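Which chain is which? The protein sequence lines are R and B, in order. What the first sequence shows, in this note's numbering, is residues 1 to 226, in sequence order. What the second sequence shows, in this note's numbering, is residues 227 to 536, in sequence order.
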Amino acid sequence: MGELLSQYDVLGAFLVNIELTVFSAIGAALLGTILMIMRVCPMGSLRAFAAAFTNIVMNIPLTLIILACSLGVYGQLGIVVSGRWGEQWLARNSFWLTVLGLSVYTATFVCEALRSGLNTVPPGQAEAARAIGLRFGQTMGSIVLPQTLRGAVAPLGNTLIALAKNTTVASAAGVSQAASVMSDMFEFSPQHLLAIFAVFAIGWTIIVLPIGLLTTSLSRKLAVAR
Amino acid sequence: MNDQSLLFDLPGPRARRRERIGNVTGIVVLAALGVWLIAALAAKDQFTAARWAPFLTASAWGDYLLPGLWATLRAAAVALVAAFVFGVVFGLGRLADARPVRWVSTVVVEFFRAVPVLVLMLFFYFMFSQVPFVPSTSAAFWGVVTALTLYNGSVVAELVRSGIHSLPSGQREAALAIGLTPSRSRRLIELPQALVAMMPAMISQLIVALKDTALGYIITYSELLAAGSLLGSAKANLIPALMVTAAIFVVLNFGMSWAAQRLADRLSRRTSEQMSTFTGIATAADVADIPAPAGPVPPDPGRSGRRRRR
């Protein structure tokens with residue numbers, strides 16, 4: 001088993017998952033915030049578009065989205081998102097296409113999480129803000145959005161955990177990471193099946209549990225006392 | 227706060243004009259984006275008749291998409307039934323009085339919620355291809371089913387637990403007062419009510435399970451996505467094939483969300499006012515932030531008493 005572990009770069013594989021998580025989280029946070037603002041803005045056309053976009057993308061399996069990014073966007077349309085330099089450009093291209101797919105998919109869940117945060121803000125807060133003469137921007141900026149973010153910590157944490165676990169789906173785009181390395185190890189040393197699984201399961205527990213504990217304690221600490 | 231509700235004052239004439247301008251700008255920008263996307267795809271010959279004609283043939287549906295759809299539905303159905311049983315057993319296990327049972331159930335549920343479904347799926351796929359009593363042709367099917375059962379079962383276990391937690395504490399007190407044992411109170415009084423309350427959340431979980439069957443593509447289970455991409459390479463129309471596959475998934479899931487909504491409406495009419503308030507509590511997204519049980523749960527005035535403003 002020790003020999004097996006020295007043959008494969010397990011830590012490096014997990015590192016790829018963490019990189020995918022970080023970059024996709026940034027992309028999903030940006031896109032998700034934009035979607036959420038579009039969903040509550042006064043312009044009906046933007047609202048309808050954002051609602052349709054989230055509802056459709058949420059209901060497409062992630063595997064299909066990742067596959068469409070690698071086989072469709074690159075394979076069929078020939079779009080390259082990272083420069084064709086170096087020997088590794090193909091692997092880098094799959095990596096960034098996966099980040100793209102994960103970001104778009106996760107953004108819809110970020111949008112929903114933020115909306116559920118908005119739902120925790122009592123209407124009286126906005127009413128009171130308007131009553132003391134704050135304008136729309138001031139109401140949003142200093143009253144509603146801060147409380148929205150604090151109310152959205154728990155669902156955002158769940159979304160981040162789901163994203164971290166979803167990075168394994170990068171296998172569909174051929175990105176070498178924890179799930180694909182595990183699959184290789186299963187294939188070439190089937191006699192160690194259980195031990196290999198244990199190593200990777202523990203690895204995932206180590207990644208996922210701290211995020212869960214952190215966001216749970218954060219959501220308690222930041223919860224608005226009402 | 228509801229999305230729109232009270233963020234804005236009723237717009238006056240100037241605000242209305244600004245909104246109209248913004249609205250029209252929005253439509254123009256979105257339409258331009260749409261036209262650009264369609265033109266870009268058309269420039270790559272994605273909208274030619276040759277690429278879309280295969281969907282009018284019987285072979286595309288009879289040989290690829292419908293068998294794929296059937297495989298997806300079969301795996302999801304078997305996994306869902308098994309996950310329901312798993313979830314009820316371990317959900318009650320987490321609430322058991324015997325400490326070892328509680329610990330074991332907690333570890334099992336937390337473990338299967340932490341490990342990615344694909345990792346579970348790969349493990350069970352390779353395991354089932356080694357054991358002699360599973361025919362090698364169905365190893366992928368059982369890999370998909372087992373992984374989905376364990377993951378979704380753990381989520382259902384959390385739903386059962388939060389459903390029982392959100393019952394008014396008087397239910398258990400009354401059951402004990404008329405002489406039921408604690409375990410009979412769980413089974414006869416609390417569990418049935420919790421199951422009714424968590425039905426809509428269960429159906430949302432069904433959608434998650436149905437979407438996750440597409441992971442079977444990676445372990446060579448010939449479900450809808452695999453069928454779609456196979457069709458795409460057979461007829462040299464990968465992008466249209468993936469679009470049609472995605473559309474089938476979206477329609478399936480919309481149908482199920484619609485059913486979930488109708489069921490939720492019916493349940494809220496059939497049960498008491500209080501019941502309908504906590505159908506909204508036990509959603510899959512919420513289960514992670516419910517504190518672990520430590521002895522009896524004090525009644526929560528926010529949940530059992532005053533109804534939250536929506």
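Idealized CB from N, CA, C, for every residue including glycine. Quick caveat: nothing in here was measured; it's all calculated off a predicted structure.
query, result
"If you draw a straight line from the alpha carbon of Ala223 (chain R) to that of Pro123 (chain R), how long is it in whole angstroms?", "17 Å"
"Thinking just about the alpha-carbon of each residue, which of R:Ala179, R:Val208, R:Leu213 is nearest to the one in Phe197 (chain R)?", "R:Ala179"
"Please state if the CB of Gly454 (chain B) and the CB of Val470 (chain B) are separated by a distance shorter than 8 Å.", "yes"
"Quick one: which unbroken alpha helix (DSSP H) runs of 4-plus residues sit fully inside the region 100 to 143 of chain R? Chain order, please.", "123 to 131"
"The alpha helix (DSSP H) spanning Ser388 (chain B) covers which residue range?", "365 to 391"
"Is there a Cβ from chain R that is less than 8 Å from the Cβ of Gln500 (chain B)?", "Because Gln500 (chain B) sits at a pLDDT of 49, beneath the cut-off of 50, its placement in the model cannot be relied upon, and the following sentence gives the value as read from the coordinates. Gln500 (chain B) does not count as touching chain R."
"Does the pairing of the region 437 to 454 of chain B with the region 265 to 280 of chain B give three or more beta-carbon distances under 8 Å?", "no"
"Applying the criterion that 16 or more other CB atoms from any shown protein chain within 10 Å of the CB defines a buried residue, is Glu87 (chain R) buried or exposed?", "exposed"
"Please classify Gln262 (chain R): is it buried, with 16 or more other beta-carbons within 10 angstroms of its beta-carbon, or exposed?", "The structure shown does not extend to residue 262 (chain R), since chain R is modelled only from 1 through 226, so no value can be given for it."
"If I follow the unbroken alpha helix (DSSP H) through Trp85 (chain R), where does it start and stop?", "Here Trp85 (chain R) belongs to no alpha helix (DSSP H), and DSSP marks it neither H nor E."
"Can you find a CB in chain B that lies within less than 8 Å of the CB of Gln76 (chain R)?", "yes"
"Whole angstroms are fine: how far does the CA of Val334 (chain B) sit from the CA of Phe49 (chain R)?", "42 Å"
"On the DSSP letters alone, give me the boundaries of the alpha helix (DSSP H) that Met38 (chain R) sits inside.", "10 to 40"
"Could you check whether the region 250 to 258 of chain B touches the region 425 to 433 of chain B, counting it as contact only if at least three pairs of C-beta atoms, one from each stretch, sit closer than 8 Å?", "no"
"So is the beta-carbon of Ala126 (chain R) under 7 Å away from any non-hydrogen atom of the ligand NAP?", "No copy of the ligand NAP appears in this structure; indeed no ligand is present at all."
"Considering only their Cβ atoms, is the gap separating Ala302 (chain B) from Ala490 (chain B) smaller than 8 Å?", "no"
"Thinking C-beta only, is Gly212 (chain R) closer than 8 Å to Gly157 (chain R)?", "yes"
"Measure the alpha-carbon distance for Ala164 (chain R) versus Ser24 (chain R) and round it to whole angstroms.", "9 Å"
"If you measure between the beta carbons of Thr283 (chain B) and Leu450 (chain B), is that distance less than 8 Å?", "no"
"In chain order, what residues of the region 451 to 479 of chain B put their CB closer than 7 Å to some CB of chain R?", "Leu451, Ser455, Leu464, Ile465, Leu468, Thr471, Ala472, Phe475, Val476, Asn479"
"Does the distance from the CB of Ile390 (chain B) to the CB of Leu414 (chain B) come in under 8 Å?", "no"
"Rounded to the nearest angstrom, how far is the Cβ of Val370 (chain B) from that of Met347 (chain B), given a contact under 8 Å?", "6 Å"
"Going along the chain, which residues of its own chain have a beta-carbon closer than 8 Å to the beta-carbon of Ala308 (chain B), five neighbours each way excluded?", "Val371, Thr375, Gly379"
"Report yes if the C-beta distance between Thr21 (chain R) and Ile66 (chain R) is below 8 Å; otherwise report no.", "no"
"With 8 Å as the C-beta to C-beta threshold (strictly closer), list the residues of the region 369 to 398 of chain B near chain R in chain order.", "none"
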